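Below is one structure; the comments refer to it alone.
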Amino acid sequence: MSNNKTIITIGRQYGSGGRKIGKLLSERLGMPFYDKELLTEAAKKSGFCEEIFHENDEKPAGSFLYSLVMGTGAAATADAMPLDNKLFLAQFDTIKDIASKGPCVIIGRCADYALEDYKNVLNVFIYADMEDKKKRAVEEYGLKAKNIEDAIIKTDKKRASYYNFYSGKKWGVAGSYDLCINSSKFGIEKTVDFIVDCVNELNK
């Protein structure tokens, strides 16, 4: 769709198919897709090695008290800032840089918060029923069936802590997004169709 001007950010529960939905959207709309690719870009721009970004990807900040003491604004020097904050800011700047180049799909990593001043953004959250998430986690992600529900809940708690800490909003709560969609109700393809319809409306 050549007239598309919309950037799509996707928050997602683990096992909801959010990444797959984002990938299909990028293909349908003919625009770049960023998930782990964003970490690669952030590493290039920041000088930190890519492995550090992967190790800390969407994990809750471990320096909350230190951040309160040191401050996160002008009072905090680059040297004094905790590593997790430096990594977040590197991703934050990378997201803005990517968005400045045109329409794209960005998965997670507080992209909706980074782009909150942009007018051409559609912020989506994908969730799903637990049974569907468990099935997808085993069949598509390769997780072991034992304690699978605990693993899903633990991953989502980490994502929520990361999002809530840095954005000041609530992960998975409707007021934080433009659209919240249960992929179990519609399936992956129909969910993609619905989001494309929304993008088409925004581009009229």
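Residue numbers (the working numbering): 282 to 485. Glycine is no exception: its CB is placed at the ideal position from the N, C-alpha and C atoms. This structure is a prediction, so every number in the text was calculated from the model and none was measured.
To the nearest angstrom, how far is it from the Cα of residue i to the Cα of residue j?
| i | j | result |
| --- | --- | --- |
| residue 315 | residue 388 | 6 Å |
| residue 460 | residue 331 | 31 Å |
| residue 446 | residue 309 | 33 Å |
| residue 320 | residue 416 | 27 Å |
| residue 396 | residue 402 | 7 Å |
| residue 335 | residue 375 | 15 Å |
| residue 302 | residue 469 | 6 Å |
| residue 313 | residue 450 | 26 Å |
| residue 318 | residue 337 | 15 Å |
Residues in the same chain with beta-carbon distance under 6 Å from residue i, minus the five sequence neighbours each way, listed in chain order, please.
| i | result |
| --- | --- |
| residue 482 | none |
| residue 284 | 484 |
When DSSP builds the beta bridges, which residues end up paired with residue i?
| i | result |
| --- | --- |
| residue 330 | Per DSSP, none; premise fails for residue 330. |
| residue 461 | 406 |
Q: Spell out a yes or no on whether the stretch 296 to 312 and the stretch 402 to 410 are touching, meaning 3 or more CB-CB pairs, one atom from each, closer than 8 Å.
A: Here the stretch 296 to 312 makes contact with the stretch 402 to 410; the two share three or more CB pairs at distances below 8 Å.
Q) Is there contact between the stretch 417 to 429 and the stretch 437 to 451, where contact requires at least three CB pairs shorter than 8 Å? A) Short answer: they don't touch.
**Q.** Minimum length 4: unbroken alpha helix (DSSP H) runs contained in the stretch 381 to 458
**A.** Qualifying alpha helix (DSSP H) stretches, in chain order: 392 to 395, 411 to 420, 429 to 448.
Q) Is the number of C-beta pairs between the stretch 284 to 293 and the stretch 473 to 482 that are closer than 8 Å three or more? A) Per the Cβ contact rule, the stretch 284 to 293 is in contact with the stretch 473 to 482 (3 or more Cβ pairs under 8 Å).
Q. If you scan the stretch 282 to 308 from start to end, which runs of the beta strand (DSSP E) of 3 or more residues do you find wholly inside it?
A. Restricted to the stretch 282 to 308, the beta strand (DSSP E) segments that are unbroken, complete and at least 3 residues in length are 288 to 293, listed in chain order.
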